[in-house]
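Going by numbering that gives the first Met the number 0, the sequence shown opens with residue 0, and the numbers climb by one from there. Ideal Cβ positions, reconstructed from N, Cα and C, are used throughout, including at glycine. Bear in mind the structure is a predicted one, so any value in this text is a computation, not a measurement.
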Amino acid sequence: MFGIAGAWLAACASAIPLLAALAGHAAPFPAGSAQRTINVAGTPVEIHSYKPATYAGGPLLVSLHGLSRNADGYRDYTAPLADRLGMLVISPRLDRERFPTWRYQTGGMVRGENRVAAGDMTVEPMESWTGPFILKIVEAVRALEGRPELPYYLIGHSAGGQALSRLAAFVPNSARRIVIANASTHVWPTRTERFPFGFGGLPATLSDDAALRRYLAQPVTLLLGAADVNRDRNLNITEGADRQGSNRHERGMNLFRAARKMAADAGWEFNWRLVEVPGIGHSARRMYESPQAVAALGAD
């Protein structure tokens with residue numbers, strides 16, 4: 000009998016570290032920089048977080064990485080904003096294996112082979128798009144923090160900015176602000192440009208006037224480095240991309256002007272902002288350290 004009891008006690012003791020680990024995963028994010036993997040709708044996602052030591056329940060800021068998938072770096076780049084604004088930062092790593100270009104930068108909406116030059120495109124089911132998945136990450140973080148109504152902001156640089164351009168254009172959300180920084184390409188608010196550069200080729204429910212109007216009413220900020228004018232090896236230089244402009248700064252400026260004019264001509268609500276960062280090129284770290292990044296988020 001003693002042997003059985005002893006074995007039971009030993010089993011319980013060996014389970015304690017496992018239970019502690021599971022409990023830790025269910026706990027809120029700790030102060031400072033941290034990393035954990037969380038389950039998001041059955042998909043494990045590596046999350047890099049930063050919570051200021053003085054955090055007092057401020058909003059969530061989701062920071063999307065660029066082409067290098069360095070979520071830890073983007074967490075660190077965004078930390079100064081978190082300190083200044085009292086925000087919790089999380090930067091999910093959306094790896095290249097599960098989120099290749101068509102799923103990350105262009106939102107997982109239309110596979111490359113289905114982007115036909117004319118006629119209707121075949122659109123993936125919305126539940127498999129990356130934009131809704133990002134919003135599920137928000138819900139998972141809210142649950143861990145025990146705050147189901149936690150307000151959230153979205154910010155993405157370069158490839159992450161492209162992902163947010165498609166999210167803003169096509170995915171209903173309740174973000175306080177969507178900051179698109181130095182993106183290589185954008186979604187133009189027109190049906191004359193085909194997806195992923197515009198609304199053309201998509202079903203009417205995704206491309207009618209109601210869809211365009213909703214896009215222009217989104218709380219979008221284009222955060223542009225005024226010196227991001229190089230045609231580097233990571234810039235999309237396809238024909239559709241080059242119609243937007245010759246470099247990232249020019250493309251963002253052209254988009255803002257086109258969107259503002261369309262809203263004015265149609266008499267539609269327009270909630271976009273344009274914020275330029277003087278002297279800064281294609282650097283997320285320097286962009287996010289700037290005072291203009293605070294203005295881009297709409298914070299004081």
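Rounded straight-line distance, which links the Cα of residue j to that of residue i
{"i": "residue 97", "j": "residue 195", "result": "19 Å"}
{"i": "residue 301", "j": "residue 35", "result": "Because the chain is modelled from 0 through 299, residue 301 falls outside the range shown and cannot be assessed."}
{"i": "residue 295", "j": "residue 274", "result": "6 Å"}
{"i": "residue 276", "j": "residue 225", "result": "6 Å"}
{"i": "residue 30", "j": "residue 84", "result": "15 Å"}
{"i": "residue 100", "j": "residue 146", "result": "33 Å"}
{"i": "residue 297", "j": "residue 252", "result": "19 Å"}
{"i": "residue 110", "j": "residue 52", "result": "43 Å"}
{"i": "residue 293", "j": "residue 161", "result": "20 Å"}
{"i": "residue 142", "j": "residue 151", "result": "13 Å"}
{"i": "residue 37", "j": "residue 286", "result": "29 Å"}
{"i": "residue 148", "j": "residue 238", "result": "42 Å"}
{"i": "residue 245", "j": "residue 180", "result": "16 Å"}
{"i": "residue 299", "j": "residue 55", "result": "Its pLDDT being 43, under 50, residue 299 is placed unreliably in this model, and the value from its coordinates should be taken loosely. For residue 299 and residue 55, the distance between alpha carbons rounds to 17 Å."}
{"i": "residue 15", "j": "residue 42", "result": "Annotation note: pLDDT 37 at residue 15 (below 50); position unreliable, coordinate value reported separately. One C-alpha to the other measures close to 26 Å."}
{"i": "residue 93", "j": "residue 233", "result": "18 Å"}
{"i": "residue 257", "j": "residue 236", "result": "20 Å"}
{"i": "residue 193", "j": "residue 279", "result": "31 Å"}
{"i": "residue 170", "j": "residue 63", "result": "16 Å"}
{"i": "residue 282", "j": "residue 168", "result": "25 Å"}
{"i": "residue 290", "j": "residue 222", "result": "12 Å"}
{"i": "residue 231", "j": "residue 183", "result": "10 Å"}
{"i": "residue 22", "j": "residue 174", "result": "Unreliable placement is indicated for residue 22, whose pLDDT of 37 sits below 50; no coordinate value is reported for it."}
{"i": "residue 288", "j": "residue 79", "result": "6 Å"}
{"i": "residue 33", "j": "residue 139", "result": "16 Å"}
{"i": "residue 65", "j": "residue 261", "result": "29 Å"}
{"i": "residue 216", "j": "residue 155", "result": "19 Å"}
Beta bridge counterpart(s) of residue i as assigned by DSSP
{"i": "residue 243", "result": "DSSP output for residue 243 lists no bridge partner at all."}
{"i": "residue 222", "result": "180, 274"}
{"i": "residue 48", "result": "33, 89"}
{"i": "residue 38", "result": "43"}
{"i": "residue 199", "result": "193"}
Element boundaries [beta strand (DSSP E), containing residue i]
{"i": "residue 109", "result": "No beta strand (DSSP E) holds residue 109; DSSP gives it neither H nor E."}
{"i": "residue 61", "result": "59-63"}
Span of the alpha helix (DSSP H), counted from its first residue to its last, around residue i
{"i": "residue 216", "result": "208-216"}
{"i": "residue 291", "result": "290-295"}
{"i": "residue 72", "result": "70-84"}
Proximity to residue i [Cα-Cα], best of the options
{"i": "residue 136", "options": "47, 113, 101", "result": "47"}
{"i": "residue 115", "options": "201, 43, 125, 161", "result": "201"}
{"i": "residue 120", "options": "290, 198, 56", "result": "198"}
{"i": "residue 159", "options": "25, 264, 61", "result": "61"}
{"i": "residue 123", "options": "113, 108, 134", "result": "108"}
{"i": "residue 133", "options": "183, 182, 184, 45", "result": "45"}
{"i": "residue 248", "options": "215, 229, 127, 59", "result": "229"}
{"i": "residue 57", "options": "279, 278, 88, 264", "result": "88"}
{"i": "residue 263", "options": "138, 211, 290", "result": "211"}
{"i": "residue 76", "options": "290, 284, 289", "result": "284"}
{"i": "residue 203", "options": "64, 95, 65, 118", "result": "118"}
{"i": "residue 187", "options": "40, 289, 164", "result": "164"}
{"i": "residue 205", "options": "166, 218, 178", "result": "166"}
Check: residue i C-beta below 7 Å from any heavy atom of the ligand COA
{"i": "residue 47", "result": "Inclusion of the ligand COA in the displayed structure is not the case, the ligand content being empty and no account of it being possible."}
Quick one: which unbroken beta strand (DSSP E) runs of 3-plus residues sit fully inside the stretch 120-175? Chain order, please.
-> Correct list: 151-156.
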